[in-house]
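Engineer: Next up is a structure, given as structure tokens.
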Amino acid sequence: MALTAPLPLLPAEGEQVFASACTPNCWMNCRLYAHVRDGKLVETTAAPFPDSRYNRICLRGLSHPQRVYGTDRITTPLRRAGKRGENLWEEISWEEALDEIAAKLTGVRERYGDKAVCFAPLSGSYALINGALAGAAHRMANVLGATLAADSIDLGLATGETQVAANLASGMAAWMLAHQPEDIANARTIIAWGTNVTESQVHNWHFFADALDNGAKLIVIDPRFSEAASKAHIWVRPRPGSDSALAMSMVNTVIEERLYDETYLRAHTVATYLVREDNGLFLRASDLDPTAEPVVLALDPSTGVPVPADPNTATTAIFGTYQVQTPQRAVTVRPAFQLLADTAAEHSPEAMWDVTDVEPALVREVARRYATAGPSFIYSGMGIDRWDNADLVGRGIATLGVISGQIGKPGATPFGSLMGGTAISIIFTPGVLDEWTMPTGNHTAKLNYLLLYDAVAKGVTQQWVPADPSNPFAGPRSSTPEPVDWPVKALIFNCSNFVSNFPNQNRIRNEMLSEENVELVVSMEMVMNDTARMADIVLPVTSWFENDDLCAGMHPFLMRQQKAIANVGQARSDYEIFGALAQRLGVGQYFSESPTVWIDRIVDNIATTLQRPEVAEEFRRDGVARLFDSGYIPLSDGGFMTPSGKAEFYAEGVIVNYPESMPSLRIPVTHGVDPLPHFEPPFEAWRDNPKFAKYPLVLNQRHSRFRVHSTYYEVPVLREMDPEPLVELNDREMAARGLVDGDVVKVFNDRGEAYLKVRTNNAFPDSTCNINKGWQRHQFLAGGYQELTHEQANVRHYSCSFFDVLVEAVKADAAAIPVMPEAQRRGAPTLVKEK
108 MALTAPLPLL
118 PAEGEQVFAS
128 ACTPNCWMNC
138 RLYAHVRDGK
148 LVETTAAPFP
158 DSRYNRICLR
168 GLSHPQRVYG
178 TDRITTPLRR
188 AGKRGENLWE
198 EISWEEALDE
208 IAAKLTGVRE
218 RYGDKAVCFA
228 PLSGSYALIN
238 GALAGAAHRM
248 ANVLGATLAA
258 DSIDLGLATG
268 ETQVAANLAS
278 GMAAWMLAHQ
288 PEDIANARTI
298 IAWGTNVTES
308 QVHNWHFFAD
318 ALDNGAKLIV
328 IDPRFSEAAS
338 KAHIWVRPRP
348 GSDSALAMSM
358 VNTVIEERLY
368 DETYLRAHTV
378 ATYLVREDNG
388 LFLRASDLDP
398 TAEPVVLALD
408 PSTGVPVPAD
418 PNTATTAIFG
428 TYQVQTPQRA
438 VTVRPAFQLL
448 ADTAAEHSPE
458 AMWDVTDVEP
468 ALVREVARRY
478 ATAGPSFIYS
488 GMGIDRWDNA
498 DLVGRGIATL
508 GVISGQIGKP
518 GATPFGSLMG
528 GTAISIIFTP
538 GVLDEWTMPT
548 GNHTAKLNYL
558 LLYDAVAKGV
568 TQQWVPADPS
578 NPFAGPRSST
588 PEPVDWPVKA
598 LIFNCSNFVS
608 NFPNQNRIRN
618 EMLSEENVEL
628 VVSMEMVMND
638 TARMADIVLP
648 VTSWFENDDL
658 CAGMHPFLMR
668 QQKAIANVGQ
678 ARSDYEIFGA
688 LAQRLGVGQY
698 FSESPTVWID
708 RIVDNIATTL
718 QRPEVAEEFR
728 RDGVARLFDS
738 GYIPLSDGGF
748 MTPSGKAEFY
758 AEGVIVNYPE
768 SMPSLRIPVT
778 HGVDPLPHFE
788 PPFEAWRDNP
798 KFAKYPLVLN
808 QRHSRFRVHS
818 TYYEVPVLRE
828 MDPEPLVELN
838 DREMAARGLV
848 DGDVVKVFND
858 RGEAYLKVRT
868 NNAFPDSTCN
878 INKGWQRHQF
888 LAGGYQELTH
898 EQANVRHYSC
908 SFFDVLVEAV
918 KADAAAIPVM
928 PEAQRRGAPT
938 LVKEK
């Protein structure tokens, strides 16, 4: 599909230039030019956006030619010739591969039902046709009535923020209310909280720099002395896993010192709503008079009489304890803000000092600056999401933002710079992509990845079961998740390195993907990564430069990806592969249209949804279109997606991520859940855990600039700069173990082990160590870092707690290091039979 306008770039002699995009899960997704000579991709360069502030490219985006033509790239279909994981293969034809897969899928469906087939895209590409978040696997799962694995990463923090701001939905809903990246530059105070922005989101760092040039103050909250911390005016080093306590200490400071924005608080939060002490519900007029409407009440302090809350927000009480008479008895009630103040007082900076390790004076300084020196922008990252208690961190941060009034205006949001006013938000907007992802009109059966472990290994999952499927606010049928039969016997991975990127790798490899538990594993891949090695059949897929597609990232632009080169080897696109399987399974009609037809339909649907016809015109002309105007500020009208229409730092129920993002399933406060933000210790990585004596190091897994999760792990130019996995400890922890740089160490706990070299890094605090994320098993001396993590599922957010992990590190005895067979050490597939 050609663009109607020429590209604003003069190609070199003998060169063709195509519009493209870099689409890994880095969130930012740069626009690229693909330079082609003699049919080969020779260079990728930054392509301009309509707004030059978004023009950028990183090392990974420059390295694509080496990835496309890498010596380890898989270019023919492969069938396993040994045990799963041995990396022994025979080449087969596409016809053999597709026929065999189709036959096995048919058998699984006949014996166990359609849902026993699971399509498992993850996040390896943000492209909409051949990618993960809304790509062809979603369509395939829908037309077969199969299971679609979904969610379980990046959901903890977001669930907590959503609890306050958008609890009619769940999942990442609050992130749709974030600001566009450019708005960072409008802030006067920026808190970078648990984010490695200079490396994992380097595309946004220049907006920080713009703000600093304009006089903003940067506060970095991070246990590690990060690159961003080196640029900060204030660096706060909390104990890992204590961030919810720190957030509530700041809330306490804002309330105690009366720094809250009382006008905003009254108008746009539930601060004045009276809460019954006996059941935790808001007091309603119908509680006092059964014939009255169930409107929520507040207390008129001049008369001592409850009155309707919302018309009287300016004058009703936000503090105090009162008695009201119901037909049954007298009931004690308090304004919701009083209850927040009481809970926050229990989390004062002084009370939490021993929890957070942050001096109270510093907590108060940061809280004062945030509340009074606005507009203030909290840019939170995944460092505070990878914990079992992450939702409580999100609730605390969102509460801090709304009571301070640092929300809904330029430069002010507690939700960071994520999906608000961005192209990727369209993917999650109900109805926009339904024609593409749900062609049957039926909802696809979705299963959280953390529940997939038991679905495969046991055939039963522990899930919330709605009491009334038509009314999620009726809550679950029981107070705890219930067993639900859900056998999964076939797995098809695309845009997914599940084995590398999910926790408790030994359980995945030895139990979940054992030949006894799963009958078929298919990996659609470019390289022989950890997941491909555990497959029965590996299907070679095209790179982003071999497809026609479109991409939506966490910026305001929809981008075109033109097919720039012929498919390498026998590689096929995800869409083509699913279409060939669909044909064999009797549903080929759903894949009869070309990708370019779907690109046109999707663009037209997006333009219609946004009521911006110019989007389609600009996209077809220039290969890029802005979906949301510059300066787009969510929540500027003060309305929230909650039952009250207000920010609910106190809510009548706690939302959980099941089964869809909207509407949420809500556990009523009458079931005993805590309606307020608070601190709970981490699941594992905490000093009070008895395991701490045996495993005294918290395992961090930092995202580096050389990979996006595991994508780019094999690219030579990046490996030159970052050649091997290392474990990092500070000099005190090194000395305590008798270690020096270059020693081979064993990092271990009761789940697994990893053997690798050690390096001193004093950026990390005591009682911690770090192994950068994304290395594959064959790149370690033995084992791997994901053997050390756990698959504990917090039943509120169902998100992986990668950092909530304890380990120990000791110098390794060379003779004790397990020997990896040569076939498994190789980066490429080991062929025992060539076609």
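If you want my numbering, it's the position in the sequence shown, counting the first as 1, plus 107.
Every residue gets a Cβ at the ideal spot worked out from N, C-alpha and C, and that includes glycine.
1) Do residue 757 and residue 372 have their beta-carbon atoms positioned less than 8 Å apart in this structure?
2) Considering only C-alpha positions, which residue in the set 829, 285, 244, 223 is nearest to residue 231?
3) Who are residue 148's beta bridge partners in DSSP?
4) Can you list, in chain order, the residues of its chain whose CB lies under 6 Å from that of residue 829, leaving out five sequence neighbours each side?
5) Identify the continuous beta strand (DSSP E) that holds residue 211 and give its terminal residues.
6) What residues in its chain sit with their C-beta under 6 Å from that of residue 122, if we drop five residues either side in the sequence?
7) Counting Cβ pairs closer than 8 Å, one from the stretch 242-261 and one from the stretch 216-226, do we hit at least three?
8) Could you check how far apart the C-beta atoms of residue 440 and residue 383 are, in whole angstroms? I think they sit under 8 Å.
9) What are the residues that DSSP puts in a beta bridge with residue 274?
10) In three-state DSSP terms, what is residue 379?
11) Would the beta-carbon of residue 291 fall within 8 Å of that of residue 560?
12) When you compare only the Cα positions, how much space is there between residue 625 and residue 392?
13) Over what stretch of residues does the alpha helix (DSSP H) that includes residue 725 continue unbroken?
14) Does DSSP put residue 422 in a helix, a strand or coil?
15) Would you decide whether residue 853 is buried or exposed? Buried here means 16 or more other CB atoms lie within 10 Å of its CB.
16) Once DSSP output is grouped into helix, strand and coil, what is the label at residue 709?
17) Just to confirm before moving on: does the CB-CB distance between residue 90 and residue 792 stay below 8 Å?
18) Short of 7 Å in beta carbon distance, which residues of its chain neighbour residue 737, apart from the five on each side in sequence? Order them along the chain.
19) What runs of the beta strand (DSSP E), each 3 residues or longer, lie entirely inside the stretch 793-880?
20) Along the chain, where does the alpha helix (DSSP H) that runs through residue 507 open and close?
21) Could you spell out the range, first to last residue, of the alpha helix (DSSP H) harbouring residue 949?
22) Within the continuous alpha helix (DSSP H) that includes residue 355, where are the two ends?
23) Hey, which unbroken runs of the beta strand (DSSP E) at 3 residues or more fall wholly within the stretch 648-690?
24) For residue 898, which of helix, strand or coil comes out of DSSP?
25) Where does residue 389 sit, in a helix, a strand or coil, going by DSSP?
26) Can we say the stretch 157-177 touches the stretch 877-897, given the rule of at least three CB pairs closer than 8 Å?
27) Drop a sphere of 10 angstroms on the beta-carbon of residue 436, count the other beta-carbons inside from all chains shown, and report buried for 16 or more, exposed for fewer.
28) Check whether the stretch 660-678 and the stretch 729-748 touch, using three or more Cβ-Cβ pairs below 8 Å as the test.
29) With 16 as the cutoff for other CB atoms within 10 Å, does residue 400 come out buried or exposed?
30) Measure how close the beta-carbons of residue 211 and residue 597 come, nearest whole angstrom, since I'm counting them as under 8 Å.
31) Where do the ends of the beta strand (DSSP E) carrying residue 197 lie?
32) In chain order, which beta strand (DSSP E) runs of at least 3 residues are fully inside the stretch 400-469?
33) Check each candidate in 641, 249, 522 and name the one with the smallest Cα separation from residue 617.
34) For residue 673, count neighbouring Cβ atoms within 10 angstroms of its own Cβ and tell me buried if that reaches 16, exposed if not.
35) What do you get for residue 346, buried or exposed, if any count of 16 or more other CB atoms within 10 angstroms of its CB means buried?
36) If we count the other Cβ atoms within 10 Å of its Cβ and call it buried at 16 or more, is residue 265 buried or exposed?
Structural biologist: Quick answer:
1) Looking up residue 372 in the sequence shown gives position 265. Looking up residue 757 in the sequence shown gives position 650. Contact: no.
2) Walking along the sequence shown from the start, residue 231 turns up at place 124. When only C-alpha atoms are compared, the closest one is 244.
3) On the sequence shown, position 41 is the one that residue 148 refers to. DSSP, once it has assigned bridges, lists 143 as partnering residue 148.
4) Working through the sequence shown from its first residue, we reach residue 829 at position 722. Excluding positions up to five away in sequence, the list reads 813.
5) Here residue 211 is taken as the residue at index 104 of the sequence shown, counted from 1. Element bounds for residue 211: not the beta strand (DSSP E) but the alpha helix (DSSP H), 201-219.
6) Translated into positions along the sequence shown, residue 122 becomes position 15. Around residue 122: 142, 144.
7) yes
8) Here residue 440 refers to the residue found at position 333 when the sequence shown is read from its first residue. Here residue 383 refers to the residue found at position 276 when the sequence shown is read from its first residue. So it is a contact: roughly 6 Å between Cβ atoms.
9) The residue given as residue 274 occupies position 167 in the sequence shown. Answer is none; residue 274 lacks a bridge partner.
10) Your numbering for residue 379 matches position 272 in the sequence shown. DSSP places residue 379 in coil when its eight states are reduced to three.
11) Here the question's residue 291 lines up with position 184 in the sequence shown. Here the question's residue 560 lines up with position 453 in the sequence shown. No.
12) To locate residue 625, count along the sequence shown from 1; it is residue 518. To locate residue 392, count along the sequence shown from 1; it is residue 285. So the two alpha carbons sit approximately 56 Å from each other.
13) On the sequence shown, residue 725 is found 618 positions in, with the first residue counted as 1. Element bounds for residue 725: 720-729.
14) For the purposes of this step, residue 422 is taken as the residue at position 315 of the sequence shown. Coil at residue 422, not helix or strand.
15) As a position in the sequence shown, residue 853 is number 746, starting the count at 1. Looking at its Cβ environment, which holds 16 or more other Cβ atoms inside 10 Å, residue 853 is buried.
16) By one-based count along the sequence shown, residue 709 stands at place 602. Correct three-state label for residue 709: helix.
17) Given that the chain is displayed from residue 108 to residue 942, the structure contains no residue 90 and the question cannot be resolved.
18) Numbered from 1 along the sequence shown, position 630 holds the residue referred to as residue 737. If we look at residue 737 and ignore the five residues flanking it on each side, its Cβ neighbours are 158, 289.
19) 804-807, 833-836, 851-855, 860-867, 875-878
20) Here the question's residue 507 lines up with position 400 in the sequence shown. First-last of the alpha helix (DSSP H) with residue 507: 497-511.
21) It is not possible to answer for residue 949, since the shown part of the chain is limited to 108 through 942.
22) Along the sequence shown, one-based indexing puts residue 355 at 248. Its alpha helix (DSSP H) spans residues 350-363.
23) 656-659, 664-668
24) Working through the sequence shown from its first residue, we reach residue 898 at position 791. Reduced to three states, the DSSP call for residue 898 is coil.
25) Position 282 of the sequence shown, counting from 1, holds the residue named residue 389. Strand at residue 389.
26) no
27) Counted from its first residue, the sequence shown places residue 436 at position 329. Residue 436 is exposed by the Cβ-count criterion.
28) yes
29) Sequence index remark: in the sequence shown, residue 400 carries index 293 (1-based). Classification for residue 400: exposed.
30) Here residue 211 is taken as the residue at index 104 of the sequence shown, counted from 1. Here residue 597 is taken as the residue at index 490 of the sequence shown, counted from 1. Right, the Cβ-Cβ distance comes to about 7 Å (below 8 Å), so this counts as a contact.
31) Taking the first residue of the sequence shown as 1, we reach residue 197 at position 90. Run containing residue 197: 195-198, per the beta strand (DSSP E) assignment.
32) 404-407, 412-415, 429-432, 437-442
33) Counted from its first residue, the sequence shown places residue 617 at position 510. With distances taken between Cα atoms, residue 617 lies closest to 641.
34) In the sequence shown, counting from the first residue as 1, residue 673 sits at position 566. The residue is exposed, with fewer than 16 neighbouring Cβ atoms inside 10 Å.
35) If you number the sequence shown from 1, residue 346 lands on position 239. Classification of residue 346: buried, given that the 10 Å Cβ count is 16 or more.
36) Residue 265 sits at position 158 when you count from the first residue of the sequence shown. Buried: at least 16 other Cβ atoms inside 10 Å.
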